[in-house]
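Engineer: According to full-length UniProt numbering, the sequence shown holds residues 1 to 340 in order.
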Amino acid sequence: MSFPLKEQLSMLYEKLDASISGSSIHNRTTLLAALSYLVTWIIYFIVLICGLCYGRIGIPRRTEFDPLDRRLIFPYVSEPDTFTPVWQLVIWSVLAPLIMMAIFTFKFTRTFSLKQRLIMFHRFMLALMCSISLELFVVSCIKNVASVARPDIISRCEPANYPNSRTPIGISFCNQSNQQILYEGFRSFPSGHSATVFASMTVQSLYSITVLQLYDHKGFAWKFIFCILYPLTVALVISFSRVSDNRHRVSDVLAGSVIGIISGISAFTFYFPWHQSLELKKVECSIKKELNGITLIEKCNIHFCQYPIISLSKLSIASTAFQRLVILKPEELKATESIF
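1. Go through its chain and collect everything with a Cβ distance to Tyr44's Cβ below 7 Å, but skip five positions before and after it.
2. Could you work out which residue in Lys218, Tyr271, Ala199, Trp222 is closest to Gly260 when comparing CA atoms only?
3. Just the Cα atoms here: how many angstroms apart are Leu114 and Gly51?
4. Relative to the C-alpha of Arg62, which residue among Ile169, Val197, Gly192, Ser93 is closest?
5. Pick helix, strand or coil for Phe272, following the three-state DSSP scheme.
6. Measuring only between beta-carbons, confirm whether Thr210 sits less than 8 Å from chain C.
7. By Cβ distance, which residues of its chain are closer than 6 Å to Ile153, with the 5 residues on each side in sequence left out?
8. Would Leu31 be called buried (16 or more neighbouring beta carbons within 10 Å of its own) or exposed?
9. Check whether the stretch 246 to 255 and the stretch 96 to 113 touch, using three or more Cβ-Cβ pairs below 8 Å as the test.
10. Using a 10 Å radius around the Cβ and a threshold of 16 neighbouring Cβ atoms, would you call Ile91 buried or exposed?
11. So, is Phe124 buried or exposed, given that buried needs 16 or more other C-beta atoms within 10 angstroms?
12. In the DSSP output, what is Cys174 paired with across the bridge?
13. Within its chain, find whatever has a CB closer than 7 Å to the CB of Ile181; leave out the 5 residues flanking it on each side and keep chain order.
14. Just to confirm, are Tyr54 and Asn178 a CB contact at a threshold of 8 Å?
15. Could you check what DSSP says for Ile261 in three-state terms: helix, strand or coil?
16. Specify the secondary structure class of Ile169 as computed by DSSP and reduced to three states.
17. Using the rule of at least 16 other Cβ atoms within 10 Å of the residue's Cβ for burial, across every protein chain shown, is Thr167 buried or exposed?
18. Is Phe65 helix, strand or coil when you go by DSSP?
19. Using 10 angstroms around the beta-carbon of Gln306, count the other beta-carbons present and answer buried if the total reaches 16, otherwise exposed.
20. So Gly192 packs on Val253, CB below 8 Å; how close in whole Å?
21. For Ala195, tell me which candidate among Leu89, Phe224, Ile49, Tyr37 has the shortest Cα-Cα distance.
22. Using the Cβ count rule (16 or more neighbours within 10 Å means buried), how would you classify Ala235?
23. Could you give the distance in angstroms between the alpha-carbon of Val211 and the alpha-carbon of Ile103?
24. Quick one: measure Cβ to Cβ for Pro67 and Ser147, integer angstroms, because I've assumed they're closer than 8 Å.
25. Classify Ser257: buried if its beta carbon has 16 or more other beta carbons within 10 angstroms, exposed otherwise.
26. Measure the C-alpha to C-alpha separation of Ser239 and Val197 and round it to an integer number of angstroms.
27. Between which two residues does the alpha helix (DSSP H) carrying Pro97 extend?
28. Within 10 angstroms of its Cβ, does Ser205 collect 16 or more other Cβ (buried), or is it exposed?
29. Three-state secondary structure (DSSP) at Pro231?
30. Rounding to the nearest angstrom, what Cα-Cα distance links Arg242 and Pro97 in this structure?
31. So Leu126 and Thr40 are in contact, right, with Cβ under 8 Å, and what is the actual spacing, rounded?
32. Looking only at its own chain, which residues have a Cβ that is under 7 Å from the Cβ of Pro231, when we skip the five neighbours before and after it?
Pasting the structure below:
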């Protein structure tokens, strides 16, 4: 019975994984990789918690504002009444990307084995966590240091009597009993919602481009919608809704968006390098195997991208837990260039 080329490649990868799964080298490297990932997750969670705590309980450096500044007289909108409360931000920035990218990974990468797809999706989760942790920590630090008053600070302050002059006043003139609401009024720059949603959507967009192969010259419009239009629309709508909620100015939103985009690109390229070099300058191998005409080299000191963003048709596979190089025969490699 003959199978399509995609199914043959998938079956081949499963055989390659099975051929080395029992080796002692594989077991040791798998354990080390698991420990390495565990440490990575712990580090990201520590950074995330530190950013959340400092952004929540940290005291702004300056707590003065001009009571006659017309840019500060907008009404205060409670958090549940805003366009995107925090719980909705978590859904749009974390839960929705995880669900969508899980479907894309296991639906559109069938030429890879289940193990390789799990590794790929795990790297996406790491990139998403890295980007959100990075931007949240940076934004929290800037918010408390910059201490820019929000457009609704006067409404938050509820001042009773203050000088009828342009002299800045402090929180001592405020009748607001909730100190958290008052301090939050001095964390306008940059926008945390903008940074978070842009970091998440940047990672999601780049990952979608990689998995769906947007630039495969086939021109499918639905790929453009999921890879570009959807994440861009979600990011822009959530970000600029903070202006109508009287939480930020446009400059705050733009600054947060830039921080989020930089964080997203940095995190994604950390786990999915842009370029896959085919020139292997240094190879140190101790084991070679032959399986169905394919050379399997184990324990190699080889560094190249496993899932390059430009093309997934490069069939040199490097396992995170166990490095190896699969060399296809020229005619097989040529035959696979047009299947993606």
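The beta-carbon is built from N, C-alpha and C at its ideal position, and this holds for glycine as well.
Note that the structure is a prediction, hence the values are computed from the model and not measured.
Structural biologist: Once the coordinates are examined:
1. If we look at Tyr44 and ignore the five residues flanking it on each side, its Cβ neighbours are Met129, Cys130, Ser133.
2. The option with the nearest alpha carbon to Gly260 is Ala199.
3. Leu114 and Gly51: Cα-Cα distance of roughly 35 Å.
4. Closest option to Arg62, Cα to Cα, is Ile169.
5. Phe272 falls in the coil class under three-state DSSP.
6. No chain C appears in the structure shown, which is made up of a single protein chain.
7. Cβ neighbours of Ile153 beyond the five flanking positions: Phe65, Leu72, Gly185.
8. A residue is called buried when at least 16 other Cβ atoms come within 10 angstroms of its Cβ; Leu31 does not meet this threshold and is exposed.
9. Flag = no, the stretch 246 to 255 and the stretch 96 to 113 do not touch.
10. Exposed is the call here.
11. The residue in question, Phe124, is buried, as its Cβ has 16 or more Cβ neighbours within 10 Å.
12. In the DSSP assignment, the residues bridged to Cys174 are Pro159.
13. Answer for Ile181: Arg156, listed in chain order.
14. Going by C-beta atoms, Tyr54 is not nearer than 8 Å to Asn178.
15. It is helical.
16. Here Ile169 sits in strand by DSSP.
17. By the Cβ neighbour-count rule, Thr167 is exposed, with fewer than 16 other Cβ atoms within 10 Å of its own.
18. Secondary structure of Phe65 (DSSP, three-state): strand.
19. The pLDDT assigned to Gln306 is 37, lower than 50, so where the model puts this residue is not dependable, and the model offers no usable value.
20. Approximately 11 Å separates the beta-carbon atoms of Gly192 and Val253; this is outside 8 Å, ruling out the contact.
21. Nearest to Ala195 by C-alpha distance, out of Leu89, Phe224, Ile49, Tyr37, is Leu89.
22. Ala235 is buried by the Cβ-count criterion.
23. Roughly 11 Å between the two C-alpha positions.
24. So it is not a contact: roughly 17 Å between Cβ atoms.
25. Buried, because 16 or more other Cβ atoms sit within 10 Å of the Cβ of Ser257.
26. Cα to Cα, Ser239 sits roughly 7 Å from Val197.
27. Start and end: 96 to 108.
28. With 16 or more Cβ atoms within 10 Å of its Cβ, Ser205 is classed as buried.
29. In the structure shown, Pro231 sits in a helix (DSSP, three-state: H, G or I).
30. About 21 Å.
31. That pair is a contact at about 7 Å.
32. Only Met201, Gln204, Ser205 meet the Cβ criterion.
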